[in-house]
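Asks:
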Amino acid sequence: MEIKTYVGSIRKARDYIRSRVCGAAPQVGVILGSGLARCVPPLAGSVVIPYSRIPGFPRATVAGHAGKLILGRLGTTRVAVMQGRFHYYEGHSMESIALPVRVLEYLGLKSLIITAAVGSMREKIKPGHLTVITDHINLMGRNPLRAFHEEEFGDMFPDLTGAYDPALRRLAVKICRKRKIPAHQGVYVAVGGPSYETQAEIRAFRVLGGDVVGMSVVPEVIVARQMGLRTLVLTWASNMASGMKGAALNHAGVLALGDKVSTNLRLVLSDLISRI
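Heads up, the sequence shown is in my numbering, so the first residue is 111 and it goes up one at a time.
As structure tokens, this is what we get:
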């Protein structure tokens, strides 16, 4: 796809969404990961748009990803919730994964909260616990900015220092503590998937300084940083990683535990949105 065609797709998607919400620009965006369909905060005046109706949007193909964009208000804050995301391992190109984030920024978004299921590489991070991400190690072998640059996107070479907004991280930890929800801070290791990691890989990732591992998040964070969005990543441990005590690796288990975690995460998201 040529860059002009790509930018045109972003604008067409933006214009279609605007037509459904009478031009009201979302201020805060939320991307919901695997098993978190019930995490949608209580939104007033909500409009639900299936991804299939948005021009140029990819299609979600993974179980646990509903494939809907929900727009509404939480108090006075206008919110856009992506109920389902896109993954490199599904066969989507990096520019396709990046497109929804760019569309939201074109709509006027200022802050983005990204959630995801992860494997824990630390004994203290138990299944069901939350981890506020402080940084990442990108081992996906791809970057969403490669070959698709347009000046209006931002810098071609964005500085990723502070990509995980420090103030938002502090706020998330404070909210979790107040609600007595187990939460940690740590580094996200991004891999391509879809196979789970080997025991040797997990040992290597731990040596590199990783705390949790997953197959998403990083492409969206890089694009959000380039476009100047304040970004927070809040993950939940769906399992202990390969070779760790108690490791049990299957996607059905991820979805089952995600359903239980959703109640707590929904409360945290509501608190965050009302205070951003």
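Idealized CB from N, CA, C, for every residue including glycine.
Assign L249 to one of three DSSP states: helix, strand, or coil.
Replies: The sequence position of residue 249 within the sequence shown is 139, counting from 1. DSSP places L249 in coil when its eight states are reduced to three.
Asks: I'd like the ranges of any beta strand (DSSP E) spanning at least 3 consecutive residues and lying wholly in the region 221 to 287.
Replies: 221 to 230 and 240 to 248, all fully within the region 221 to 287.
Asks: If you follow the alpha helix (DSSP H) that G324 is part of, which residue opens it and which one closes it?
Replies: To locate residue 324, count along the sequence shown from 1; it is residue 214. Careful: G324 lies outside any alpha helix (DSSP H), inside the beta strand (DSSP E) at V322 to G324.
Asks: With 16 as the cutoff for other CB atoms within 10 Å, does P152 come out buried or exposed?
Replies: The count along the sequence shown starts at 1 and reaches residue 152 at position 42. Flag for P152 reads exposed.
Asks: If I measure Cβ to Cβ from V131 and keep anything under 7 Å in the same chain, skipping five residues before and after, which residues do I get?
Replies: Along the sequence shown, read from residue 1 onward, the residue named residue 131 stands at position 21. Correct list, in chain order: V157 and L181.
Asks: Q336 and L255: beta carbons closer than 8 Å?
Replies: Position 226 of the sequence shown, counting from 1, holds the residue named residue 336. Position 145 of the sequence shown, counting from 1, holds the residue named residue 255. Their beta carbons are under 8 Å apart, which means Q336 touches L255 by this criterion.
Asks: Tell me, to the nearest whole angstrom, how far the beta carbon of E205 is from that of V117; I am working on the premise that it is less than 8 Å.
Replies: By one-based count along the sequence shown, residue 205 stands at place 95. By one-based count along the sequence shown, residue 117 stands at place 7. About 11 Å separates the two Cβ atoms, so there is no contact after all.
Asks: Are there 16 or more other CB atoms within 10 angstroms of the CB of R124, so buried, or fewer, so exposed?
Replies: As a working mapping, residue 124 is identified with position 14 in the sequence shown. So R124 ends up on the buried side.
Asks: Do S305 and G143 have their C-beta atoms within less than 8 Å of each other?
Replies: Looking up residue 305 in the sequence shown gives position 195. Looking up residue 143 in the sequence shown gives position 33. Cβ atoms of S305 and G143: not closer than 8 Å.
Asks: Specify, as a first and last residue, the run of the alpha helix (DSSP H) that A314 falls within.
Replies: Reading the sequence shown from its first residue, position 204 is the one you call residue 314. A314 -> alpha helix (DSSP H) spans Q309 to L318.
Asks: Let me confirm a value: E233 is counted as buried when at least 16 other C-beta atoms fall within 10 Å, else exposed. Which label applies?
Replies: Numbered from 1 along the sequence shown, position 123 holds the residue referred to as residue 233. It is exposed - the Cβ of E233 has fewer than 16 other Cβ atoms within 10 Å.
Asks: Quick one, are the C-beta atoms of G166 and K122 less than 8 Å apart?
Replies: Taking the first residue of the sequence shown as 1, we reach residue 166 at position 56. Taking the first residue of the sequence shown as 1, we reach residue 122 at position 12. Taking 8 Å as the Cβ cut-off, G166 and K122 qualify as a contacting pair.
Asks: By alpha-carbon positions, which one of D381, Y126, M266 and V323 ends up nearest to Y216?
Replies: Residue mapping note: residue 216 aligns to position 106 of the sequence shown, counting from 1. Ranking the options by Cα distance to Y216, first place goes to Y126.
Asks: In three-state terms, what does DSSP make of A347?
Replies: Translated into the one-based positions of the sequence shown, residue 347 becomes position 237. A347 falls in the strand class under three-state DSSP.
Asks: Determine, using beta carbons only, whether A208 and V333 come nearer to each other than 8 Å.
Replies: Translated into the one-based positions of the sequence shown, residue 208 becomes position 98. Translated into the one-based positions of the sequence shown, residue 333 becomes position 223. Yes, the pair counts as a contact, with Cβ atoms nearer than the cut-off.
Asks: Determine the burial state of T308: buried for a count of at least 16 other Cβ atoms within 10 Å of its Cβ, exposed for fewer.
Replies: Position 198 of the sequence shown holds residue 308. Burial call: exposed.
Asks: Which residue or residues does DSSP assign as beta-bridge partners of V158?
Replies: Translated into positions along the sequence shown, residue 158 becomes position 48. Paired residue(s): I180.
Asks: Please list, in chain order, all residues of the same chain as T415 whose beta carbon is under 8 Å from its beta carbon, the five residues on each side excluded.
Replies: Since the first residue of the chain shown is 111 and the last is 386, residue 415 is not available in this structure.
Asks: Can you name, in chain order, every residue of its own chain whose Cβ lies under 8 Å from the Cβ of G75, other than the five neighbours on each side?
Replies: Residue 75 lies beyond the stretch modelled for the chain, which goes from 111 to 386, so this question has no answer here.
Asks: Less than 8 Å between the C-beta atoms of I120 and S221, yes or no?
Replies: The count along the sequence shown starts at 1 and reaches residue 120 at position 10. The count along the sequence shown starts at 1 and reaches residue 221 at position 111. Cβ atoms of I120 and S221: not closer than 8 Å.
Asks: Using the beta-carbon count (16 or more within 10 Å), is L318 buried or exposed?
Replies: In the sequence shown, the residue the question calls residue 318 occupies position 208. By the 10 Å Cβ count, L318 comes out exposed.
Asks: Evaluate contact between the region 339 to 352 and the region 236 to 243, counting only Cβ atoms and requiring at least three cross-stretch pairs below 8 Å.
Replies: Judged by Cβ distances under 8 Å, the region 339 to 352 makes contact with the region 236 to 243, as three or more pairs qualify.
Asks: For V138, which option in R128, A190, T186 and I164 has the closest C-alpha, if you only look at C-alpha atoms?
Replies: Translated into the one-based positions of the sequence shown, residue 138 becomes position 28. The option with the nearest alpha carbon to V138 is A190.
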